[in-house]
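Novice:
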Amino acid sequence: MKCLLLANESAEVLFYWTDTEFEQRVQEQYGVSQEEGERLPAFEDSINTLFAPIIISCSTMVDRLGDNYTSFSTENNHIYVLHQFEECLYIAVNGDGDETEEDLKRKIFVMKKLTEIMFGMVTFSGALLRKELRPQDTEQRNRLWKKLRSLLETYSRLRENDQSFLVEAVERLIHPTLCEQCIEFLERRLVQQINSNMDRMGEEVLHAFILVHTKLLAFYSSRNASNLYSSDLLALIILVQDLYPSKINLDETSEELESSSVPEVFYTPEPSPPERESVRQRGDSPPVFQFVDPDVQMAEDSLQTLEAPTPDPSAPSRVFLESKECPMPHSMYCLPLWPGITLVLLTKIPNSHVATSVCYFLEAFVKLEKRLCEGHEGAAAMRGQPSVQEQRSRLEKLIKTWAGMDIQTSQLQNAWTDFKNKAFSRSGSGFTRDLLPSCRNMKTQLCGVYRQFFAAECMGSSQRLAPHLQERALSMVQEKLMDWKDFLLVKSKRNITMVWSLVATAQRYLQKGYATVTLRDGDYFYCYFLWFENETGYKLEVIDIPSSPDDGAPVGMLTCDYYRKLLRYYSKKHQNEVVKCYELFTVHLGVIPNEYILQHCSQLARKLWEPTRIPLL
Amino acid sequence: KITLPPLTNSFFFLYDSSKVQEEVDLTRDGIYYFSPEDTPIDQQELLCGQLAGVCRCVSELSSSPVRLLHLRKSKYAVRMKDKFLWALSCVVDIPDVSVCDLLDQLIALFCFYNGPVRQSYQLYSKQELALRWARYLCHLQGGSTELHHIFSCLRTIDSTHIDPLLLLKAALILQACQRCPLVLAGCILYRGRVVSTQMPPALTVKVMVYETQTYSQDFQVTANGLSSLVGSPFSSTATTQVFLMPTELHMLRCPPVDRACRSHCNQPPCQPSRSRLLSRTLSDTPTTDTDSSMPSSPRSSLSDELCFSPSPSRVNTPIHSNLMNQSEYFTPDSHVHSTSNGTNLCAVEEHLAGLNINQIKSEENKLDANNHVTNKNGNGETEEEAKTKSKQINRKLKEKNEPTNTPSPHETLEDTSLVPLVLYQHRVKGLVLALLVEPEFITDHSAREEVHHSSLASLNGLEAHLRNTSPGTPGPPGPYTFAHYDCIQNTLTTNVCGRSVGPQDQAFVKATKLVHSHFSRLDTLQEAIVRNASSAVYGTRTTAQETYFLQQGTPVRNSGSPDPQDSAFSLPRKARLRLLKHGVNLL
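Shown next, in the form of structure tokens:
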């Protein structure tokens, strides 16, 4: 029994996902309370009504106590986890014991990450996010929600079945020669060819990588590309897996494993539970809405026929990737080489520099808002920012430029005029608390401009690498990897599906500052170690890791880049060195004496360092 | 915006949502008790209203009462029953299981002395019962270290400074009392701590509240040095009506171990003779452990083993009440308790002194109709009084109940399920003999005489000995910190001093909280070592005990990468060695 929903402060549900069990339960509850002969309310309305008291109570608690709920649990072990991001409240529910409180919290943070990847800076404005997540048009909304639900289910499936999503680390296929050849190929042949072609419609390939299922075979970034963060890469793998799900046929896997005579296989994975049918069902089943209005019902029917169209295969997905300045819009092309093997191209799109300037001013207004809220006035409100006049003229200029760029800027212009009147004219309030509404409006309008420039549906369907270019890229890489295909598919399936509760346990201890944990649980002995090394492999001294609050982001890569922060924290002490952080999880039979287990762990730690000399990222 | 007092003063409230159903109803009408009592009423209403509303919504969605509610800065244990909602808050780093236990104990205490909640509120005013809630809350929260809170355990005397013969003597006094068939079980307390008990821990905790209460009265008398009471008894008896749950009563009336064999059961039979931890067999899991653990026990009877096997509910419910479950498999046998060190006595006393004793005392005299303290010389008269008073109560009860509407089936069930008994208490200065007796005991003059006379001399002797035993200055702290929790007897042995909590102790308590939480969630977990740069803590448990151990001084610095030489991994060995002298056997 699972559910995840997003709501805004006015208790409006912006998005929800439920499994069938939860849906049935809600309907049963409404079935009981309904009068004879009365029709059930639309499912969405039921959800709204059921959760409204919780959502409203949350805002009351925040307003009046400055505190907020983070979780509830009931006597029958149902868990509710709540998290507020700005104006948006996320609630995740589990009633079947499959997920812990930590899992639910992680799910919430992953959902947040996915919306950031899909909508970029639009998520900064509650009003715009509401528009984005809850389009007025039912058809459009259904399509979007279906997409989001499917992404969430893909994530849950990966988290359950794929160890790289269990530990949230990008897993590589280790084959140094092939890896090097592929990177060279991507650089010299593929990316160069595309970027020098006239039909690329102003786009430029910045990153190119090859995935075998969820594992990374080769990754190439062009010189002028900014870093692709691991959290983004993991999120992109979810997107790719959602488009081209790996059908993990277990029988086949184990057969292949048996027939492969590679000697270094020392661990035969226990077959994981078969892919749950229930998880995949939603994609095929009709939407869950039950419309009372027959007209809407018709729309719904026609929608289903409309929804079936084969998605435009050469259309890219819009993704917003983290960079130093702001979430930068990119186009993502997923080219399926063979089932299970995908080539992914990330391109820079025209006008993407606009994002940087929008973001610059957005930040300025956020800072201003904060200082005004804190009670600073006049010059003090602008402290820490470049001169007001300079900023003002820069923004003037920008707005003029944007107006000439075929986008709607009248609202922005109005907001700007209003702001100027209040802030700079004699009759206005100046930089005081009264400026807050105008300041907030400017934020919304800037987000609006950003949206117009970059949101997928606003870009126009013609903006893409020419289909023949994409086809050319596909066939080139196919040709290159033809002989390796089967090898790669087999190799990528090795050592998968270990689901360890140890990982979650270790993360919980790590969150509280413990970097070494050993546990004797049932018949097994579990170990967890985290340590730091410099680039040459020299093991650095331990430090006390700060313990983070219970309501903070979960430990991991995908959601908040915990480890990046950890490295930054550690690097303060080792400023002249490149510091790397490693983790080791082991499971041994409990009958083995501890000394041997620890010796084995330390041997593993020494060995594991060796294959990482492969060029990457 | 309202600013709340720091959350170290935790909130506790009892809210009756049946009083707030219409739009016009005020939230304050539903608030039966709110602690701290000086919280402004609008804050009380805000908290009660919001929490009750949200809990109701969630419990409807899940068709189950809410048990725990986390906020960013605090957490609440919650109980919902018959439109009542109890909530007790604490800071976030106290384990969930501990705060839930604390709340359950609090409710259980109230029901023990007052009977069913709904009925109590029909009999007495909110103000009268508020005093009682305050007292129970004080009793549970006050005067102990954070570790005591984590394990919600009994306070016991420090046996390491006491002649074991005294403990034996105490056990014998209790057994002697049981010769009277009306006496079900008893315990002996000294200055707010358990010396010996025949009751399950959950009951002992409850009995102790009455002891501290009467103790505080005496304390007040002596503190005031009122000359009119000179020559007045430092020896006195008192009785009060109490209410037991049927399961508790069943265990007292029909102990699974034959009474005749009690005298030679002084060795706690509940400790499995073999620790599961060192076993290397794959099949060695906790569920099968107990059956195989006592094969050579000379007096092993089937009933015995059944009694000590873990309650099945432990396996499935992650948030379980230790006390409730233990009472399921505890036999009211005479145990000599293992004990904690002397650190919390001062705290208890100070806490008692801090209570507004005058107020409680005067109110007590007014309202405790079923509860009276008597002189040893005045027994004849007071029995009569007792009879009339208990009649009065019954009449009062009937009167109160009649005008009300028929209670819901659930309520009736709850009302009838509690069984009235009598708690008899004989005090000799700091020493108290507390006995749970059948109600007829009050009217049975000869039985009272017999119990009184048979124990008086021994009690006097025991008191004198205990008084003359030096409280024992805690020895120089060892190069290690430990805590040993006996889950069966619900006692804690530790060398963490209540007052001077150094950084090492803090690190120890922090790790203990985490690992204890983990143990409570995962029944198969047997041992854990957790390590950060400055400390390493080892935790181990069996069905009968949990032990935590920290070696003082920073562990030898290393890189944190796996290293067999890391001193953290030698903790199990050190713990086994060091703790032997504290009576903790980890072998």
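So the sequences go chain by chain: W and D.
Under UniProt numbering, the residue at position 317 of the first sequence is numbered 317, and the numbers go up by one with no gaps.
Under UniProt numbering, the residue at position 220 of the second sequence is numbered 220, and the numbers go up by one with no gaps.
For glycine and all other residues, C-beta sits at the position ideal for the given N, C-alpha and C.
Please read these numbers as outputs of a predicted model, since none were measured by experiment.
1) Does any CB atom of chain D fall closer than 7 Å to the CB of Ile54 of chain W?
2) Buried or exposed for Met121 of chain W, please, with buried defined as at least 16 other CB atoms from any protein chain shown within 10 angstroms of its CB.
3) Does DSSP classify Met111 of chain W as helix, strand or coil?
4) Using a Cβ cut-off of 7 Å (strictly closer), state whether Gly556 of chain W contacts chain D.
5) How many angstroms separate the CA atom of Asn266 of chain D from the CA atom of Phe72 of chain W?
6) Tyr509 of chain W versus chain D: which residues are under 8 Å apart at the beta carbon?
7) So what does Ala218 of chain W bridge to, in DSSP terms?
8) Which residues of chain W have a Cβ atom closer than 8 Å to the Cβ of Lys83 of chain D, listed in chain order?
9) In chain W, which residues lie with their C-beta within 9 Å of the C-beta of Leu167 of chain D?
10) Could you tell me the distance, in whole angstroms, from the CA atom of Leu250 of chain W to the CA atom of Val91 of chain D?
11) Rounded to the nearest angstrom, what separates Leu166 of chain W and Leu252 of chain D at their Cα positions?
12) Let me know if Arg106 of chain W comes out buried or exposed under the rule of 16 or more other beta-carbons within 10 Å of its beta-carbon.
13) For Pro479 of chain D, count neighbouring C-beta atoms within 10 Å of its own C-beta (all shown protein chains included) and say buried if the count is 16 or more, exposed if not.
14) Is Pro65 of chain D closer than 7 Å to Glu75 of chain W when the C-beta atoms are compared?
15) For Thr536 of chain W, count the other beta carbons within 10 Å of its own beta carbon; 16 or more makes it buried, fewer makes it exposed. Which is it?
16) Shorter than 7 Å from the beta carbon of His83 of chain W to some beta carbon of chain D?
17) Check Val13 of chain W in the structure and name its three-state DSSP category.
18) Check distances from the C-beta atoms of the stretch 557-584 of chain D to those of chain W and list, in chain order, the residues that come in under 7 Å.
19) In angstroms with no decimal places, state the Cα-to-Cα distance between Cys57 of chain D and Leu51 of chain D.
20) Under 8 Å: do the stretch 521-537 of chain D and the stretch 566-573 of chain D share three or more Cβ pairs, one atom per stretch?
21) Quick one: Cα of Arg448 of chain W to Cα of Arg392 of chain W, how far?
22) What is the DSSP secondary structure of Pro420 of chain D, counted as helix, strand or coil?
23) Please classify Gly513 of chain W as buried or exposed, where buried requires at least 16 neighbouring CB atoms within 10 angstroms.
24) Tell whether a beta-carbon distance below 7 Å holds between Ala134 of chain D and Leu103 of chain D.
25) At a cut of 8 Å, does the stretch 460-479 of chain W reach the stretch 181-199 of chain W through at least three beta carbon pairs?
26) Using a Cβ-Cβ distance cut-off of 7 Å, determine whether Leu526 of chain D contacts chain W.
27) Helix or strand or just coil, what does DSSP make of Val81 of chain W?
28) Output yes if chain D places a C-beta closer than 7 Å to the C-beta of Gln389 of chain W; else output no.
29) Can you pull the chain D residues whose beta carbon is under 8 Å from the beta carbon of Ala515 of chain W, in chain order?
30) Are the CB atoms of Pro336 of chain W and Tyr244 of chain W nearer to each other than 7 Å?
31) For Val315 of chain D, which residues in the same chain have their Cβ closer than 6 Å to its Cβ, ignoring the five residues on either side in sequence?
32) Since Thr239 of chain D and Val99 of chain D are thought to touch, with beta carbons under 8 Å apart, how far apart are those beta carbons, to the nearest angstrom?
33) Under 9 Å between beta-carbons, which chain D residues line up against Lys580 of chain W? List them in chain order, please.
34) Please indicate yes or no: does the CB of Glu160 of chain W lie closer than 6 Å to some heavy atom of the ligand ZN?
35) Inspect the beta-carbon positions of Cys3 of chain W and Phe15 of chain W and report whether they are closer than 7 Å.
36) Using three-state DSSP, classify Val167 of chain W as helix, strand or coil.
Specialist: In this structure, then:
1) Yes, Ile54 of chain W lies at the interface with chain D (some Cβ there is under 7 Å from its Cβ).
2) When all chains shown are included, Met121 of chain W counts as buried.
3) Note: Met111 of chain W maps to helix in three-state DSSP.
4) Residue contact with chain D for Gly556 of chain W: absent (no Cβ-Cβ distance below 7 Å to any residue of chain D).
5) Residue placement at Asn266 of chain D is flagged as unreliable, the pLDDT there being 39, under the threshold of 50; a coordinate-derived value is accordingly withheld.
6) Correct list: Leu514 and Val530.
7) Note: Ala218 of chain W is bridge-paired with W:Ile210 in the DSSP secondary-structure output.
8) The premise fails here: Lys83 of chain D is roughly 16 Å from chain W at the closest Cβ pair, so nothing lies under 8 Å.
9) Neighbours of Leu167 of chain D on chain W: none; closest Cβ ~34 Å, over 9 Å.
10) Reliability fails at Leu250 of chain W, whose pLDDT of 44 lies under 50, so the model's placement of it is uncertain and the value that follows must be treated cautiously. Straight-line Cα distance between these residues: approximately 47 Å.
11) About 51 Å.
12) Under this definition Arg106 of chain W is a buried residue.
13) Residue environment: Pro479 of chain D is assigned as exposed (fewer than 16 neighbouring CB atoms within 10 Å of its CB, all protein chains considered).
14) Annotated as proximal: Glu75 of chain W and Pro65 of chain D, with beta-carbon spacing under 7 Å.
15) Its Cβ having fewer than 16 others within 10 Å, Thr536 of chain W is exposed.
16) So, not an interface residue.
17) Looking at Val13 of chain W - three-state DSSP - the assignment turns out to be strand.
18) Within the stretch 557-584 of chain D, the qualifying residues are Arg557, Asn558, Ser559, Gly560, Ser561, Pro562, Asp563, Pro564, Ala568 and Phe569.
19) In this structure, the CA atom of Cys57 of chain D is about 10 Å from the CA atom of Leu51 of chain D.
20) The answer is yes - the stretch 566-573 of chain D touches the stretch 521-537 of chain D, with three or more Cβ pairs under 8 Å.
21) The displayed chain sequence assigns Gly, not Arg, to residue 448 of chain W. Straight-line measurement puts the Cα of Arg392 of chain W at about 19 Å from the Cα of Gly448 of chain W.
22) Here Pro420 of chain D sits in strand by DSSP.
23) By the 10 Å Cβ count, Gly513 of chain W comes out buried.
24) Not closer than 7 Å, so no.
25) The stretch 460-479 of chain W, when compared against the stretch 181-199 of chain W, does touch it at the 8 Å Cβ threshold.
26) In the sequence as presented, Leu is not what sits at residue 526 of chain D; that position holds Gln. For Gln526 of chain D, the answer is yes, since a Cβ of chain W falls inside 7 Å of its Cβ.
27) If DSSP states are grouped into helix, strand and coil, Val81 of chain W belongs with the strands.
28) For Gln389 of chain W, no Cβ of chain D is located within less than 7 Å of the residue's own Cβ.
29) Chain D residues near Ala515 of chain W: Arg531, Asn532, Ala533 and Gly560.
30) Cβ atoms of Pro336 of chain W and Tyr244 of chain W: closer than 7 Å.
31) Unreliable positioning characterises Val315 of chain D in this predicted model, as indicated by a pLDDT of 34, which lies under 50. A coordinate reading is not provided.
32) Incorrect: roughly 34 Å between the Cβ atoms, too far for contact.
33) Those within 9 Å of Lys580 of chain W in chain D number zero; the least Cβ separation is about 12 Å.
34) The ligand content of the structure shown is nil, which means the ligand ZN is not present either.
35) The Cβ atoms of Cys3 of chain W and Phe15 of chain W lie no closer than 7 Å to each other.
36) Coil at Val167 of chain W, not helix or strand.
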